[in-house]
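For the sequence shown, counting from 1, position 137 maps to 151 in the working numbering; every step adds exactly one.
From the three backbone atoms N, C-alpha and C, an ideal C-beta is built for every residue, glycine too.
Have a look at the structure below before the remarks.
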Amino acid sequence: MMSSEHPACGWLHKLLVLLVKLHFAFAEPLQPLNGTGCTAKGPASYILVFTGHWSPQAFPKQYPLFRPPAQWSKLIAASHNHHFRFWEEGSSASPGVQSFAEVGVTVELMKAAKEARKKRTIGVMYRTAGIPNGIGHSSTEMLMVPRNPLLSLMVKMIPSPDWFVGVDSLNLCEGNRWKQEVTVDLQPYDAGTDSGFTFSSPNFPTSPPENITKITSQMPNHPANSFYYPRLKELPPIASIKITRQRRTPDRQTSISNHILPNSINPQRFSATPLDCEVSLWSSWGLCLGPCSRGGVRHRTRYILLRPANAGSPCPELEEQDECVPHNCIKKRQ
């Protein structure tokens with residue numbers, strides 16, 4: 015007759031194995047239920063400072079001086095998670111991004127944010143005041159939560175066809191910790207919805223629309239492009255953001271949201287960008303009015319398209335002459 019102790023031992027062994035597996039499973043770092051990758055215990059308060067570096071020294075080519083002068087639109091930002099995308103390089107612009115990049119209107123962006131908020135993929139929208147110059151500051155206070163640790167923002171360049179600067183899905187949370195400070199240099203982007211090479215190009219829709227692309231010193235590869243600086247490997251930053259975590263204290267009641275910082279804060283200094291002289295093609299040769307055999311000359315001219323700046327290459331000769339040949343002579347009437 016077999017003893018009943020052996021089946022009992024087998025059952026206890028399986029239970030022990032199961033308990034060991036559960037122990038090691040729960041010993042692994044816990045993943046957040048919201049799928050953001052952020053396990054911080056609570057929210058974090060930040061100050062976001064946007065700084066424009068758009069100066070005639072750094073960007074001398076076709077720098078807008080009037081009607082309107084170089085300036086920045088309001089900044090619009092959103093906290094969100096991985097299931098939402100404000101804008102993305104290499105993807106087509108949404109109607110909201112198109113409207114904001116072309117004319118600075120935020121209505122469509124706010125509609126999209128409202129729909130995303132129903133799906134709990136976006137948190138809070140933030141704005142700052144516009145900056146009436148190419149160089150300046152604006153700031154806002156933000157409260158980030160673990161459910162929405164990503165930050166995206168846009169600022170339109172004024173004037174421009176559909177150009178903007180911004181950041182896409184910047185993560186302010188690392189594991190269970192909020193970042194203390196983040197600084198990002200910003201480059202211009204083309205929304206791909208309006209065709210134009212210069213800041214003051216007239217409205218001409220791109221059909222079909224193109225994807226959002228970064229504007230570089232050589233792309234678009236066209237001399238008329240306002241950012242075309244073939245001597246530069248890369249453009250200097252045209253703007254930057256600095257995000258600093260703040261301690262929240264009970265006695266702090268004042269918010270600096272939408273506050274334009276005083277001009278006493280000096281913007282970051284960059285070396286001047288050399289701008290080479292650009293001239294037109296030569297005109298046709300003029301007729302020779304002098305003697306054809308000896309001493310007669312003919313002329314052709316060209317004109318300056320772009321004057322040099324910041325120690326760029328000087329302009330070449332604008333007039334050229336050549337010796338007359340018989341078929342270019344004007345015969346005198348008898």
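Rounded Cβ spacing between residue i and residue j (contact assumed at less than 8 Å)
i	j	result
S294	L319	6 Å
S153	F64	7 Å
W68	A84	5 Å
S93	L165	6 Å
R259	E195	7 Å
A2	L289	Since the first residue shown for the chain is 15 and the last is 348, residue 2 is missing from the structure and cannot be characterised.
A139	I90	The residue you asked about is not Ala; residue 139 is Met in the sequence shown. 7 Å between Cβ atoms; contact.
W86	V169	5 Å
G300	R316	Contact flag wrong, Cβ pair sits at about 13 Å.
First and last residue of the uninterrupted alpha helix (DSSP H) at residue i
i	result
S113	P109 to V117
Helix, strand or coil at residue i [DSSP, three-state]
i	result
R261	coil
K75	coil
K256	strand
K170	strand
K28	helix
N277	Because N277 sits at a pLDDT of 46, beneath the cut-off of 50, its placement in the model cannot be relied upon, and the point is left open.
P330	coil
Extent of the continuous beta strand (DSSP E) to which residue i belongs
i	result
H236	Unbroken run through H236: none, as it is neither H nor E.
R312	V311 to T315
I229	Careful: I229 lies outside any beta strand (DSSP E) and carries neither H nor E.
E334	E333 to E337
T207	Unbroken run through T207: none, as it is neither H nor E.
F213	Careful: F213 lies outside any beta strand (DSSP E) and carries neither H nor E.
W177	W177 to N185
V357	A question about residue 357 goes unanswered here, because the residues of the chain that appear run from 15 up to 348.
S59	A58 to H67
L319	I318 to L320
C-beta neighbour in chain B for residue i, strict 7 Å
i	result
L295	Protein chain content of the structure displayed is limited to a single chain, and chain B is not contained in it.
Exercise. Okay, do the stretch 168–176 and the stretch 203–220 touch, 3+ Cβ pairs below 8 Å being the bar?
Worked result: yes
For this session: Return the chain-ordered ranges of every beta strand (DSSP E) run that is complete within the stretch 88–156 and spans a minimum of 3 residues.
Result: 136–142
Exercise. Looking at C-beta atoms only, is the number of pairs between the stretch 104–119 and the stretch 185–201 that lie closer than 8 Å three or more?
Worked result: no
Exercise. Just checking, does the stretch 194–209 make contact with the stretch 224–233 on the three C-beta pairs under 8 Å criterion?
Worked result: yes
Problem set entry | At least 3 beta-carbon pairs within less than 8 Å: the stretch 94–101 vs the stretch 119–137 | yes
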